[in-house]
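Order-wise, the sequence lines are chains D and V. Under the numbering used here, the first residue of the first sequence carries the number 16, and numbering increases by one thereafter. Under the numbering used here, the first residue of the second sequence carries the number -15, and numbering increases by one thereafter. Following: one structure in structure tokens, then a few remarks.
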Amino acid sequence: MDLAEAIPRLSLQKYKMKATITASSVISPQHTNSAHGFPQEINEIISDHLSCLEPDYGTIINPIQLRRMPRILKMGLASAQLCINRAGGISPDAIIVGTGLGCLDNLEKFLLEVLDNHEHITSVLPFIYSTHNAVAAQIAMLLKNYNYNITYCHRGFSFESALQDALMQIEEKQAKHVMVGGIDECTHDFMLIHSYLGYWKQPLSNLQLLNERSPGTIAGEGSAFFMLSAETGNGGPGVSIEGLHTFFTPSSATYIDTTKEIDLFLGNIGLDKRDIDSVMFGLNGNLASDASYYTLQKNFFSDSTNFLYYKHLCGEYYTASAFAMWLASVILTGRHIPDVVKLNNRPDKHLSNILIYNHIHNTEHSLIFLNYGRI
Amino acid sequence: MRPRVFVTGVGIISAIGNGTGETLASFQNLKTGIGKLSLFDSVHAEIPVAEVKNNNSDLARLADVHDGKAAYTRNTLLALVASKQAVIASGWIDTHEKHTGTVFATTVGGMDFNEQYYRSLLENDRYKDLIGVLDSADCTEKIAACFGIRHHVTTISTACSSSANAIMLGARLIRTNRLQRVLVGGTDSLTKFTLNGFYALEILSPTGCRPFDRNRNGLTIGEGAAALVLESEEVADPKRIICEVSGYANVNEAYHATASTIDGFGAILAMNKALESACLQPSDISYINAHGTGTEINDLSEGNAIEKVFGNSVPPVSSTKAFTGHTLGAAGAIEAVFSSLALRNQILLPGLNFTVPMPELSFRPRQKVEPHPIHHVMSNSFGFGGSNTTLIFTKV
């Protein structure tokens, strides 16, 4: 099927969409776990995967509550708690989590007990924690938060779906403050199985990710939580999410017209591609999937656009766009683009917005538009 | 003005039949789908389960799957069978005639393939073509590809409330004018993984579940899928409208990873908030399709919550899980289809296996199909992690 035919004949409904990022917290392979914006020092790793630099969890959450908890839950609970602390202790009106694979490590653990141990189960905990909503549920328990609580598990749409729901909660006036997170962990078995599909490069420096021009990427992981608010009321400068769009193209599709989707999206939020200061691409070093980003850079956006990338810092994973949203928000707040994320070199100019474009295997595509201004 | 959301087509496949016709006949004849495990070998083979009676090649035929190259898990096949029924029933012709999305739900996704191939995958790449279908998003992407859906494609996984939440999200996508039509639903196939998980939790019934019975002894795992086409009032064909999605609420009990409170705090909150969102009073509800798993704790907790919300005038209640088993991530959608059948046919749906009332509760679950004026149906779905969702469906 030619997907150009498949663009709806009706234009998408226009709808108001705006939420302010009032706090965030990120655990990633970089030194991102402080409230002070972009890290001073970049973590260079020579490997086929990037693992998170994990904080001392006991300083963030009562160690008794973390007892026997799997790593991904610790990461999720710690980043959620820090996000809330930074938001001034607000208990959110909704908790929404996106995770491509959920508590994968526990799922694998329990599966192997069933398969290898003749169904003699030594502990039921991995089964309990293997449910995809364990992170969101444990956050609710930690906070004693009885509000809307949901988990999206859809590959490269997981975080975007969570974000969309958060924006809807605010628009529906069901929530003033929503905590939304994207979280995934990388496991040994996941790396192994996906190596058969040629997903990973040979070990290399993460900072050389785009220079090899070879198939495959570098695996990653992370936990990024945000407090989104309907309004801050302070009138000061800040970062807002002013647009979000996702589109799906099945692997059977012969032709993908990404530019039509981007035009459609920008039109819906009242913008033209010339209004975009900076574009942050989900380039991951894999020749086949990176081609579409380079084509957009060359043929679609204006030459004066800043082009940025980020997966050399966090690795590739289903919710890497949550890391991208954090990075874009600290760049906008800090009024400065660090050299390490620049794809091209433009003289410093007025920087008021960033469009994040990410896709996973050309299948799940997402656009997130962040704007800096009075909030 | 937020548009109203109508159900214009439903599809279902469960242990009590393929399609709404077989399903209704099973209810009329009080014929349970619970029986002996046949899908795979297990040391727990003596524990009854509720299997869909079709094997995978049968399902592939029902799903009209022609793509010989692609791999289809049982989970995804069930989802496709239910979706095709719903789409056909709704009079859906061209996906792009309306802004269309899809939201599906599952708990363990392609676990049936994981159980068959994971061990081998850890050793070599012989089954590498199956790697892409092991997760929870496979069912949704296959559905989206099948019907040419490009926007608002996502998957929810919140344990046993998953597909109730998918219906809620679908309705909200229409009410906030993001979509005009959305295919929503849930699917879960029976797996060794879940059978062993619930066995280890010691909540599987050795006899077949007995919801709201004093001598209830646990839940029975089932499998199946259900799908609903939701459309906004401005585009729905009036002739196709089955009922309205009039209320919904999702809350978290924030109490325990697997258990609910005895007083049913989370269930009370979910039911009250759903009533509020539908602008209804408890007395407006004609029938409650309870979560009613048949475990000691759920039925006490939910029963107490129902009595708290409805006081002295509890409407007719039943749990259909004695027919279908607990279909986990599919349960919310399956029971939403049941709710739509109750509304369309103006009948109360029965439970089964009930003999002795619970001393703590004043109400008894209904035991046969009875004609009854049905205006509003409440459907509860509760899951691990305190995830409690209540939906309300209304006669149009």
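Glycine residues also receive a C-beta, built at the ideal position from the N, C-alpha and C atoms.
Chain D residues whose Cβ lies nearer than 8 Å to that of residue i
i: residue 98 of chain V; result: 126
i: residue 119 of chain V; result: 115, 116, 168, 170
i: residue 168 of chain V; result: Per Cβ cutoff of 8 Å: no residues; residue 168 of chain V is ~14 Å from chain D at best.
i: residue 172 of chain V; result: Within chain D, no residue comes near residue 172 of chain V; the closest Cβ sits about 12 Å away, beyond 8 Å.
i: residue 204 of chain V; result: Within chain D, no residue comes near residue 204 of chain V; the closest Cβ sits about 18 Å away, beyond 8 Å.
is_contact[residue i, chain D] using C-beta, thresh 8 Å
i: residue 252 of chain V; result: no
i: residue 137 of chain V; result: yes
i: residue 141 of chain V; result: yes
i: residue 184 of chain V; result: yes
i: residue 219 of chain V; result: no
i: residue 103 of chain V; result: yes
i: residue 125 of chain V; result: yes
i: residue 106 of chain V; result: yes
i: residue 112 of chain V; result: yes
i: residue 153 of chain V; result: yes
Any chain V beta carbon closer than 8 Å to residue i
i: residue 256 of chain D; result: no
i: residue 28 of chain D; result: Reliability of the predicted coordinates at residue 28 of chain D is poor, the pLDDT of 46 falling under 50, and the value obtained from them is presented with this limitation in mind. Taking Cβ atoms only, chain V reaches closer than 8 Å to residue 28 of chain D, which makes this a yes.
i: residue 170 of chain D; result: yes
i: residue 152 of chain D; result: yes
i: residue 195 of chain D; result: no
i: residue 209 of chain D; result: yes
i: residue 167 of chain D; result: yes
i: residue 371 of chain D; result: no
i: residue 159 of chain D; result: yes
i: residue 21 of chain D; result: Annotation note: pLDDT 42 at residue 21 of chain D (below 50); position unreliable, coordinate value reported separately. Output row for residue 21 of chain D: interface = yes.
i: residue 234 of chain D; result: no
i: residue 17 of chain D; result: Reliability of the predicted coordinates at residue 17 of chain D is poor, the pLDDT of 38 falling under 50, and the value obtained from them is presented with this limitation in mind. Not an interface residue.
i: residue 25 of chain D; result: Confidence is the limiting factor: at residue 25 of chain D the pLDDT is only 38, short of 50, which leaves the residue's position unreliable and the question unanswerable from this model.
i: residue 267 of chain D; result: yes
Partner residues on chain V for residue i, Cβ-Cβ distance less than 8 Å
i: residue 162 of chain D; result: 235, 236
i: residue 273 of chain D; result: In chain order: nothing, as chain V lies at least about 12 Å away.
i: residue 186 of chain D; result: 160
i: residue 200 of chain D; result: Ordered by position in chain V, no residue passes the 8 Å Cβ test against residue 200 of chain D, which lies about 14 Å from the chain.
i: residue 148 of chain D; result: 141, 142, 143, 367, 368, 369, 371
Beta-carbon proximity check, residue i vs residue j, cutoff 8 Å
i: residue 333 of chain D; j: residue 173 of chain D; result: yes
i: residue 171 of chain V; j: residue 209 of chain V; result: yes
i: residue 106 of chain D; j: residue 158 of chain D; result: yes
i: residue 254 of chain D; j: residue 163 of chain D; result: no
i: residue 368 of chain D; j: residue 292 of chain D; result: yes
i: residue 39 of chain V; j: residue 152 of chain V; result: no
i: residue 84 of chain V; j: residue 185 of chain V; result: no
i: residue 303 of chain V; j: residue 274 of chain V; result: yes
i: residue 165 of chain V; j: residue 219 of chain V; result: yes
Residues that residue i bridges to, as DSSP identifies them
i: residue 252 of chain D; result: D:389
i: residue 379 of chain D; result: D:263, D:375
i: residue 286 of chain V; result: DSSP, once it has assigned bridges, lists no residue as partnering residue 286 of chain V.
i: residue 341 of chain V; result: V:197
i: residue 333 of chain D; result: DSSP lists no partner for residue 333 of chain D.
i: residue 144 of chain V; result: V:142
i: residue 215 of chain D; result: D:232
i: residue 19 of chain V; result: V:33
i: residue 112 of chain D; result: D:166, D:196
i: residue 189 of chain V; result: Bridge partners of residue 189 of chain V: none, in fact.
i: residue 165 of chain V; result: V:84, V:215
Chain D residues whose Cβ lies nearer than 9 Å to that of residue i
i: residue 115 of chain V; result: 208, 209, 211, 212
From the options, residue whose alpha carbon lies closest to that of residue i
i: residue 15 of chain D; options: D:85, D:102, D:373; result: The requested residue 15 of chain D is not part of the displayed model; chain D covers only 16 to 390.
i: residue 196 of chain D; options: D:222, D:228, D:88; result: D:88
i: residue 237 of chain V; options: V:30, V:267, V:373, V:82; result: V:373
i: residue 98 of chain V; options: V:134, V:74, V:59, V:136; result: V:59
i: residue 71 of chain D; options: D:83, D:42, D:33, D:152; result: D:42
i: residue 69 of chain V; options: V:24, V:195, V:4; result: V:4
i: residue 88 of chain V; options: V:111, V:125, V:351; result: V:125
i: residue 200 of chain D; options: D:359, D:329, D:384, D:296; result: D:329
i: residue 170 of chain D; options: D:377, D:180, D:222, D:98; result: D:377
i: residue 169 of chain V; options: V:146, V:204, V:379; result: V:146
Contact set between residue i and chain B, taken where Cβ atoms lie within less than 8 Å
i: residue 139 of chain D; result: Among the protein chains of the structure shown, namely D and V, there is no chain B.
Proximal chain D residues relative to residue i, where beta-carbon distance stays under 7 Å
i: residue 48 of chain V; result: What residue 48 of chain V touches in chain D: nothing, since even the nearest Cβ is about 16 Å away.
i: residue 129 of chain V; result: 265, 267
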